[in-house]
Structure formats: C-alpha cells, structure tokens
Amino acid sequence: MTPLYSNDKTQTIDQLAAQALGVNSFELMQRAAAAVYAHLTTCKRLLVFTGPGNNGGDGWVIAEMARQQGQAVLLVAMRPPAELAGDARLAAEHYQGEHITFEAFQKGVNFPHDVLVDAVFGTGLNQAVRGAYQAVINWINQQSQPVLAVDIPSGLNGTTGQIEGVAVQADHTVSILARNTGLYTLDGKACCGTIHFADLAVAPAALSSVPVSAELLPAHVLQQVVQRRPANSHKGHFGHVLVAGGQAGMLGAVLLAGQAVLRSGAGLCTVVTDPEHANWIPLQTPELMSQAFDGTDGEGAFWSLLERKPPQVLLLGMGLGLSQWSKQVYQMVTRSEVPLVVDADGLTLLAAAARVPEHLAVITPHPKEAAVLLGSTVAEVQADRWQAVQALAERYQCVAVLKGSGSLICDGQTTWCCPFGNANLATAGSGDVLGGLVAGLLAQGHAPAPAACLAVTWHALAGERSAQGLCLTASDLLAELHRVLP
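Numbered per the numbering used here, the sequence shown spans residues 4 to 489.
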C-alpha cells in the first residue's frame, strides 16, 4: 500500500528527508524544485506565481532553473523578496530573472505562456483564501493554458481535501516526498488533475517513524479477487448471500444488489422481498432465488430459509424503505447471527435502533447517510471525511465505507482511500451494486476490511470504464465488472 499523510506530518517528513540525504533545508528545496522542473523542460514559456512561504520558494527556484535553460520566464510574486523569510527569501535572492507583483500584473501585462506554475500556497494552508490571493487563484482558473501545481493546488486543504474558499484547478500536481490525504478525496481529485509523485530518492525507511494517516489502494489489489477455483468445486463452496429489501415499488434495488452478489463470484444468492416482487425476480435474473415476506404471517418462512439454505452473509437495506414492513424486515434480519452488511434505508433504521447488531460487519453510507448515523450534518461529514469514517467505524464497531469522490474505508485502526472512480458512479443503483460486491466477497471468505477494499476498488474501476465517460446506468456498471479484473 502507498502511505498518505495529513498536513501536520509535513515538517517532520521534510526534516527526516534532509537528514537522510545529508542536505540542509535549502538544498532540499532545490531538489524538490528540480523534481517539479523535470515536468517543465519542454516548455518554451513559463508563467510562475509564487506565494509567501516555502511553496513560493520552490517557485522561485523553478523559475531560475528554467531561466538558466534559456526558457522565457515571468515570475509574479505575491510577496516581494524583502518580505519573505528563511529558505523562501534565500530562493528569491538566487533568482536572476524578471519578476513583478500581482498588482502590476493585473494592470495588463501580456505574457504568452505554455504552462502556468502554481506555487502560491503549500500544504500548510488551513484558512479561507481571501483578498489578492483569492483574486490570483480566480485568474489562474480562467486561463486556458495547462496549470502545474507545486506539491498541492493552492487553496486546497492538504488534510481534508476541502477547498478553502477557492482553489486552483490544476491539470497536473507534483506531490513531493509524501502524498497528502487531501489530494485523494472530496475536492482533491477535481483540483489536482494528474498526480505525479517525487520521492527525491529518499528511502521509505527514512520516514518509517512518521505515523501514517491512511493508505492508498492500488489497482493490483484486484488480483485477490481472481482466485483459482478447484476443478472439483461446486456453488456451495463460494458462499450464499441473502439480500433483504425491496419494499413494494422498489424491485430494482434488490435486483441490482443480487446480480452484483453473483457477479462477485458468490455461489448462491436469495432475495427476501415484498410478495409483489418475489415472483418477478427469477424472471428478471434466473440465477437469483427469491422468498416473499409480507409481514403478516410471522417470520417462520425467513427462519426456515436460514435453516434450509444457511447464508454466509446477510445484505440489508436496498430499496427497504421506512414503512412498518421495512421495520419488520430490519428487526428480523438483525436478530440473526450471520455477518451483516447494511446500506441505504437500512442505515437510517440502524441509526434509530436502540442497539447495534452484534454481527454487523460492514456499512456503506454516502455522506447524507453518514450524517444521520453520526447525528451530524452533511457539511460536517464532508469537512473532514477522514474523521467521519473513523467515527463511523468506532461508533458501529464495524468496517465503514464512506462513499464519494475518493471513497474511504476504515476498520477502526486503519483507513484506506480509493483513488479511482469518476462521476459515472453518480447514478441510481450504483450503491446497490457496491453493497452486493461487498457481501459477495465476504461470502467467499474475505474478511470485512479486505472485502470492502476490494469491492470499492473494483466498483470504482468499473465506473471508469463504463460508457467511456458518458452517463451510464447501474446495469452498465454490472456489465463492466469482469472487464477490470487482471
């Protein structure tokens, strides 16, 4: 896994890196700038914006490197060299090219450029961007030329991924020494563009004493999904999932979830649903079994089913609703001792329940559902998704998946981030597919945390493939699942 770090680890990482390389802090800045400049060597004209801190210092060094190579450079300084301190001032003093203030630049300076370099703010930003800094970021975002951000797009919170009022929308971001958590979730993905990483030849062992905030999931984790199946095997070897939900009029949700269970590789899937739907399910998907529950004849049929065809996993909530029937289904399913995955309306009922089900394994809320589960607001959840997913895992004593741009998974001790996926996943039924994948992988013997990580990654990569960036349906997503496996 690839480690991710919050903002408060940055200074320690820089110090350890300098020690490992045997250099001082200014020499480390020069190495960082050289790593960024490596992406700019083919440009003929650079427009560089520098800010008040060490991120701005990187910009001054980059500009000097470009000047020495004969490239045309204009540096727009948000702070003049005399007002800088430490390594940033030293970097500005080494620069021998032209620089002007942003105020002068605003008066109509015309400098055609191939690439714009954003070195205004670094990872230390923790307050809203205002005044001239807001103006320069707005100006940058209005330009058509490519933007390269040094370490992080200015205005993006390096820990949470939240935009601090306004943020640069970069085409490329060169992350230096350590990847920040905020690059990969919430607004981070939209602001960063393509992320390039520069380790400056610092061995990972040199940073081993720094606590890791989270881990980034790689695509190759999906190799764990593809397991050689013995020739002498049958469907019973690969698990049985029982999906409960689908109140009247909500057949599609449980149908999608059940189909995803089977596409995950699970051997059997039974859907317990409203009598109105039970006979339709095998007509829509012959591989699915169904069981009607009308709420009037007791729970005998349900418990009989569990005895006759014991499931390894229960999946609850898709299209469940909040009616009296829905509450009966919730109470019935959560009394079972079978590992439980809960999504959708099941999460609302879980939040209102007097106790957490003993065998709760995984929950998969989106931000609004997470807010209900935590008794907070969507804004509070999104303001710090990392803290929110940890709180969910701790409060409900299970693996929590917080869906969204850069979905997060937490088991209470470790947090993982999925860097894949796109807006194709913002469609009705997408979450039902994810829930089915989680349950199906659990049924095949994966532990809750690996099952959730695999399912989220698989789901996200399928979303990237689906419809080649066009709008899609959850059914399209199902059809892409097998294509992304290694």
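In this text, a Cβ means the ideal position worked out from N, Cα and C, and glycines have one as well.
These numbers were taken from a predicted model, which means no experiment stands behind them.
Task: Three-way DSSP call (helix, strand, coil) for Asn-427 in this model - done: Walking along the sequence shown from the start, residue 427 turns up at place 424. Asn-427 falls in the helix class under three-state DSSP.
TODO: Tell me, please, which residues DSSP counts as bridged to Phe-52.
DONE: Taking the first residue of the sequence shown as 1, we reach residue 52 at position 49. Beta-bridge partners of Phe-52 (DSSP): Val-79, Asp-121.
Open item on the list: Classify Thr-367: buried if its beta carbon has 16 or more other beta carbons within 10 angstroms, exposed otherwise.
Closed with: Numbered from 1 along the sequence shown, position 364 holds the residue referred to as residue 367. Its Cβ being crowded by 16 or more others within 10 Å, Thr-367 is buried.
Task: Three CB pairs or more closer than 8 Å across the region 136-152 and the region 164-174 - done: Touching, yes.
Task: Environment of Trp-283 [buried if 16+ CB atoms lie within 10 Å] - done: Within the sequence shown, residue 283 is the residue found at index 280, counting from 1. By the neighbour-count rule (16 or more Cβ atoms within 10 Å), Trp-283 is not buried but exposed.
Task: Span of the beta strand (DSSP E) around Gln-294 - done: As a working note, residue 294 is residue 291 in the sequence shown. Element bounds for Gln-294: 292-295.
TODO: Measuring alpha carbon to alpha carbon, tell me which of Arg-231, Leu-50, Ala-91 ends up nearest Val-2.
DONE: Residue 2 falls outside the range modelled here, since the chain spans only 4 to 489, and no answer is possible.
TODO: Run through the region 336-367 for me and flag every whole alpha helix (DSSP H) of 4 or more residues, listed as ranges in chain order.
DONE: Given a length threshold of 4 residues, each whole run of the alpha helix (DSSP H) inside the region 336-367 is given here in chain order: 348-355.
Task: Straight-line gap, Trp-419 to Ser-236 (C-alpha atoms, nearest Å) - done: Within the sequence shown, the letter at position 416 stands for residue 419. Within the sequence shown, the letter at position 233 stands for residue 236. About 33 Å.
TODO: Please report the residue range of the beta strand (DSSP E) in which Pro-285 lies.
DONE: Residue numbering aside, residue 285 sits at position 282 when the sequence shown is read from its first letter. No beta strand (DSSP E) contains Pro-285, which is instead part of the alpha helix (DSSP H) from 284-287.
TODO: May I have the straight-line CA-CA distance separating Ala-138 from Val-384, to the nearest angstrom?
DONE: Locating residue 138 in the sequence shown gives position 135, counting from the first residue. Locating residue 384 in the sequence shown gives position 381, counting from the first residue. So the alpha carbons of these two residues sit roughly 29 Å apart.
- [ ] Would you grab the beta carbon distance between Val-244 and Ala-442 for me? Rounded to a whole angstrom, and I think it's under 8 Å.
- [x] On the sequence shown, residue 244 is found 241 positions in, with the first residue counted as 1. On the sequence shown, residue 442 is found 439 positions in, with the first residue counted as 1. Separation of the CB atoms of Val-244 and Ala-442 is rounded to 5 Å, and the pair is thereby assigned contact status at 8 Å.
TODO: Could you name the residues of the same chain whose beta carbon sits closer than 8 Å to that of His-199, not counting the 5 residues immediately before and after it, in chain order?
DONE: For the purposes of this step, residue 199 is taken as the residue at position 196 of the sequence shown. Apart from sequence neighbours up to five positions away, the residues of its chain that approach His-199 with a beta-carbon distance below 8 Å are His-42, His-175, Thr-176, Val-177, Ser-178, ordered along the chain.
- [ ] Give every residue of the same chain whose Cβ lies closer than 6 Å to the Cβ of Pro-360, excluding the five residues on either side of it in the sequence, and list them in chain order.
- [x] Here residue 360 corresponds to residue number 357 of the sequence shown, with the count starting at 1. Contacts found: Thr-337, Leu-343.
TODO: For Ala-426, count neighbouring C-beta atoms within 10 Å of its own C-beta (all shown protein chains included) and say buried if the count is 16 or more, exposed if not.
DONE: Working through the sequence shown from its first residue, we reach residue 426 at position 423. Residue burial annotation: Ala-426 is exposed, with fewer than 16 other C-beta atoms found within 10 angstroms of its C-beta.
Open item on the list: Tell me the residue span of the beta strand (DSSP E) that contains Ser-178.
Closed with: Residue numbering aside, residue 178 sits at position 175 when the sequence shown is read from its first letter. Per DSSP, Ser-178 belongs to the beta strand (DSSP E) from 175-179.
Task: Buried or exposed by the 16-neighbour rule on C-beta atoms within 10 Å, applied to Val-64 - done: Taking the sequence shown and counting its residues from 1, one reaches residue 64 at position 61. The residue in question, Val-64, is buried, as its Cβ has 16 or more Cβ neighbours within 10 Å.
TODO: Would you identify the three-state DSSP class for Ala-88, choosing helix, strand or coil?
DONE: In the sequence shown, the residue the question calls residue 88 occupies position 85. It is coil, neither helix nor strand.
Open item on the list: Residues in the same chain with beta-carbon distance under 6 Å from Leu-59, minus the five sequence neighbours each way, listed in chain order, please.
Closed with: Counting from 1 along the sequence shown, the entry for residue 59 is found at position 56. The sequence given here places Gly at residue 59; Leu does not occur at that position. Correct list, in chain order: Thr-53, Ala-91, Ala-122.
Open item on the list: If I measure Cβ to Cβ from His-369 and keep anything under 6 Å in the same chain, skipping five residues before and after, which residues do I get?
Closed with: Locating residue 369 in the sequence shown gives position 366, counting from the first residue. Result list for His-369: Lys-406, in chain order.
Open item on the list: Could you check whether the Cβ of Gly-134 sits closer than 7 Å to any Cβ belonging to chain C?
Closed with: Absent from the structure is chain C; it holds one protein chain and no more.
Task: Inside the region 4-49 only - beta strand (DSSP E) runs reaching at least 3 residues - done: Within the region 4-49, the runs of beta strand (DSSP E) at least 3 residues long that lie entirely inside it are, in chain order, 5-7.
- [ ] State buried or exposed for Arg-358, treating a residue as buried only when at least 16 other CB atoms are found within 10 Å of its CB.
- [x] Translated into the one-based positions of the sequence shown, residue 358 becomes position 355. Burial is judged here by how many other beta carbons sit within 10 angstroms of a residue's own beta carbon; Arg-358 has fewer than 16 and is exposed.
TODO: Answer yes or no: do Leu-457 and Leu-475 have a C-beta to C-beta separation smaller than 7 Å?
DONE: Looking up residue 457 in the sequence shown gives position 454. Looking up residue 475 in the sequence shown gives position 472. No. Outside cutoff.
Open item on the list: Pop quiz: Ala-34 and Pro-55 are said to be a contact at Cβ under 8 Å. What is the actual Cβ separation, rounded to whole angstroms?
Closed with: Position 31 of the sequence shown, counted from the start, is the residue given in the question as residue 34. Position 52 of the sequence shown, counted from the start, is the residue given in the question as residue 55. Correcting the residue identity first, residue 34 is Arg in this sequence and not Ala. Cβ atoms of Arg-34 and Pro-55 stay farther apart than 8 Å, at about 22 Å.
Task: Ser-157 classed as buried or exposed, judged by whether at least 16 other C-beta atoms fall within 10 angstroms - done: One-based indexing of the sequence shown puts residue 157 at position 154. Under this definition Ser-157 is a buried residue.
TODO: Quick one: grab the DSSP three-state call for Val-228.
DONE: Along the sequence shown, read from residue 1 onward, the residue named residue 228 stands at position 225. DSSP places Val-228 outside both helix and strand once states are collapsed to three, so it counts as coil.
Open item on the list: How far does the alpha helix (DSSP H) with Glu-310 in it extend, from its first residue to its last?
Closed with: On the sequence shown, residue 310 is found 307 positions in, with the first residue counted as 1. Element bounds for Glu-310: 303-311.
Task: Cβ neighbours of Ala-477 in the same chain (closer than 8 Å, five flanking residues each side left out) - done: Position 474 of the sequence shown, counted from the first residue, corresponds to residue 477. Here the set comprises Leu-259, Thr-430, Ala-431, Gly-432, Ser-433, Asp-435, Val-436.
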